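Numbering (the working numbering), first residue to last: 1083 to 1321. We treat Cβ as the ideally placed atom computed from N, Cα and C, and that holds for glycine. As the structure is a prediction and not an experimental result, all values here were calculated from the model. Scroll down for the structure; my scribbles are underneath it.
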């Protein structure tokens, strides 16, 4: 039954992704950024409801009082595909995502993604990628958008973590905007590269806002990593 429910959700996700991608492709070029974001955020909402209805997978938010009413840099744990879907709905609506440029090459989905104006980087580009994050990230923040980054760069299994990339911290240092750290345990229920979606409740925790004045990029990165990893360790580890 678990596999059947998971397969049904997977098929429904393909359909919703295709539908919303086509809507963005058709209307996005003629709409302001806020309206294009509405389509993308609605895709996240629909998929969260489908996950709960089909798979019994829900979520609970903690620390929402820490989400500022001004632009910030959101640095989050990355364990599964869940957060790439859910954050479109759960986070403030004006979003600029830092992502790998290969996603832009996916037919239909990648074309719609481009209209959402992400910062698409070559992860092997090193300093050039960091400069791109700083320049385009600052521009997005100045326009009132939140910049969303997974500092580990790729999905990691629960109980493990990769070295945090410095790009998000550099953006915070250079731009002066604060950082909102996010921890969660989505990977417990939606495993990396796994079809099965276990029923349960994903815990999402927003940490205290980190003001970056007077901090080096290394210090910012260290504060973010320490808070996220210590918080993740306190979350339930079994679905």
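Problem set entry | Neighbourhood of residue 1118 by C-beta distance below 7 Å, restricted to the same chain and skipping five residues each side | For residue 1118, where only same-chain residues beyond five positions count, the Cβ hits under 7 Å are 1106, 1110, 1197 and 1198.
Exercise. On the three-pair Cβ rule with 8 Å, is the region 1218-1232 touching the region 1250-1269?
Worked result: Contact between the region 1218-1232 and the region 1250-1269 is established, with three or more Cβ pairs separated by less than 8 Å.
Exercise. Should residue 1187 go down as buried or exposed, given a rule of 16 or more other Cβ atoms within 10 Å for buried?
Worked result: Sixteen is the threshold: since fewer than 16 other Cβ atoms of the shown chains lie within 10 Å of the Cβ of residue 1187, the residue is exposed.
For this session: Kindly indicate if chain B contains any beta-carbon less than 7 Å away from that of residue 1156.
Result: Absence of chain B from the displayed structure is noted, only one protein chain being present.
Problem set entry | Candidates 1307, 1287 and 1304: closest to residue 1145 by CA position | It is 1287 whose Cα lies nearest to the Cα of residue 1145.
Exercise. Of the choices 1152, 1205, 1125 and 1289, whose alpha-carbon is the least far from that of residue 1174?
Worked result: Measuring C-alpha to C-alpha distances from residue 1174 to each of 1152, 1205, 1125 and 1289 identifies 1152 as the nearest.
Problem set entry | Identified DSSP bridge partners for residue 1282 | Partner(s): 1139.
Exercise. Expressed to the nearest angstrom, what Euclidean distance is found between the alpha-carbon atoms of residue 1193 and residue 1122?
Worked result: In this structure, the CA atom of residue 1193 is about 13 Å from the CA atom of residue 1122.
Problem set entry | residue 1321, DSSP secondary structure in three states | Model confidence at residue 1321 stands at a pLDDT of 41, short of 50, so the residue's coordinates are unreliable and nothing is read from them.
Exercise. To the nearest whole angstrom, what separates the beta carbons of residue 1289 and residue 1241, a pair I think is in contact under 8 Å?
Worked result: Their Cβ separation, rounded to whole angstroms, is 20 Å, which puts residue 1289 and residue 1241 out of contact at 8 Å.
For this session: Rank 1207, 1090 and 1233 by C-alpha distance to the C-alpha of residue 1157 and give the top, closest one.
Result: Nearest of 1207, 1090 and 1233 to residue 1157, Cα basis: 1233.
Exercise. Who are the near neighbours of residue 1128 in its chain, counting only those whose CB is closer than 6 Å to its CB and skipping five residues on each side?
Worked result: The answer, listed in chain order, is 1098.
Problem set entry | Coil, strand or helix - residue 1254 by DSSP | In the structure shown, residue 1254 sits in a helix (DSSP, three-state: H, G or I).
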